[in-house]
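These notes are about the structure you will find just below.
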Amino acid sequence: MATSIFAAPELSDSDAVRLLDGQLDAVRVLPLGPFSVLNEMGGQADVENRTISHNEYLCYKAFEKAGVLSIKDDPEFREYLANKKFSWGNYSQQLMGVENKIIVVVTPDGDRLAKSSGITQREGILYLKDAVFRVDKVVKNEVRQIGVDDYRLIMASYSAQWVPEIKRAQEFAGAPVSERMKLIALLKFDPFKSAWITVTIDKAAQDSEFTTNNVARVLASHH
Numbered sequence: 001m002a003t004s005i006f007a008a009p010e011l012s013d014s015d016a017v018r019l020l021d022g023q024l025d026a027v028r029v030l031p032l033g034p035f036s037v038l039n040e041m042g043g044q045a046d047v048e049n050r051t052i053s054h055n056e057y058l059c060y061k062a063f064e065k066a067g068v069l070s071i072k073d074d075p076e077f078r079e080y081l082a083n084k085k086f087s088w089g090n091y092s093q094q095l096m097g098v099e100n101k102i103i104v105v106v107t108p109d110g111d112r113l114a115k116s117s118g119i120t121q122r123e124g125i126l127y128l129k130d131a132v133f134r135v136d137k138v139v140k141n142e143v144r145q146i147g148v149d150d151y152r153l154i155m156a157s158y159s160a161q162w163v164p165e166i167k168r169a170q171e172f173a174g175a176p177v178s179e180r181m182k183l184i185a186l187l188k189f190d191p192f193k194s195a196w197i198t199v200t201i202d203k204a205a206q207d208s209e210f211t212t213n214n215v216a217r218v219l220a221s222h223h
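Given below as structure tokens:
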């Protein structure tokens, strides 16, 4: 009976950098068109049903200030709120938690950003590239084995070159971005493809604590 010894797959720091570099880029998705803005009484917002939360509305306003979007109030609902034109339909929606109705359109600057991003656009949705990310240094590259599966726990620092309009929008939204970042990534080796696959990643500014625990949660679920 023949036997074979399977060696754990290798992953050098430089290979980890190349793998993660291609997976850090993020795409900003901004649906366009008419929306009803819901307050706390309005229940769960659903973009597909043309409803957004008040916080999502504030995010849209931040992108408007950054010059990417233009937001217009629905004229009929605006007149209703100003007590100029009563409508039973608007009255009923207001009772159900609709605080405003808006129409979101892309500006010429937003259209320019979309074209320069290289991302295929769809009707009614604006896709933007947030930044260009580059891994600077791997500070931990640890082998983990769970059952018959081989994993790697990677900790690294990386830099972010933010698109100026995205950076301004984040600042207007009260969530400024950092150019110096850090990550924890969990990779799993697929022996059938002979490739490392990213399972999950946690990201944070280098001077901040991680606000997610995706890697820890996945590891804990296997014990």
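Residue 223, in the working numbering, is where the sequence shown stops; the numbers in between run on with no holes. Glycine included, every Cβ here is placed at the ideal spot set by N, Cα and C.
Simplified DSSP state of residue i, which is helix, strand or coil
| i | result |
| --- | --- |
| A2 | For A2, the pLDDT reaches just 44, beneath the cut-off of 50, and the residue's location in the model is therefore unreliable, although a value from the coordinates is still provided. Three-state DSSP puts A2 in coil, outside helix and strand. |
| E10 | coil |
| Q44 | coil |
| V68 | coil |
| R180 | strand |
| S36 | strand |
| F63 | helix |
| R217 | helix |
| N18 | Checking the displayed sequence, the identity of residue 18 turns out to be Arg instead of Asn. Residue state, collapsed to three classes: helix. |
| L153 | strand |
| E99 | strand |
| L186 | strand |
| L24 | coil |
Under 8 Å between C-beta atoms of residue i and residue j
| i | j | result |
| --- | --- | --- |
| Y151 | K188 | yes |
| E99 | N39 | yes |
| V215 | D202 | yes |
| K193 | S157 | no |
| V135 | L11 | no |
| E76 | K84 | no |
| L32 | I125 | yes |
| R180 | A220 | no |
Where the alpha helix (DSSP H) containing residue i begins and where it ends
| i | result |
| --- | --- |
| F77 | P75 to L81 |
| Q170 | P164 to F172 |
| A114 | P108 to S117 |
| L95 | W88 to L95 |
Residue range of the beta strand (DSSP E) that includes residue i
| i | result |
| --- | --- |
| A131 | A131 to I146 |
| D207 | From DSSP, D207 is part of no beta strand (DSSP E); its letter is neither H nor E. |
| V53 | Just to set this straight, residue 53 is Ser in the shown sequence, not Val. Here the beta strand (DSSP E) through S53 covers T51 to S53. |
| P31 | V27 to P31 |
Counting pairs of Cβ atoms below 8 Å between the stretch 24-41 and the stretch 129-136, do you hit three or more?
-> Contact holds: three or more Cβ-Cβ distances are below 8 Å.
For the stretch 53-65 and the stretch 159-174, state whether three or more C-beta atom pairs, one from each stretch, are separated by less than 8 Å.
-> Yes, the stretch 53-65 touches the stretch 159-174.
The stretch 102-118 contacting the stretch 68-77, beta-carbon criterion three pairs below 8 Å = The stretch 102-118 is in contact with the stretch 68-77.
Inter-stretch contact at 8 Å, needing at least 3 Cβ pairs: the stretch 139-154 / the stretch 177-191 | These segments touch.
Between the stretch 30-39 and the stretch 137-144, do at least 3 Cβ pairs fall closer than 8 Å?
-> In short, these stretches do not touch, since the Cβ pair count stays below three.
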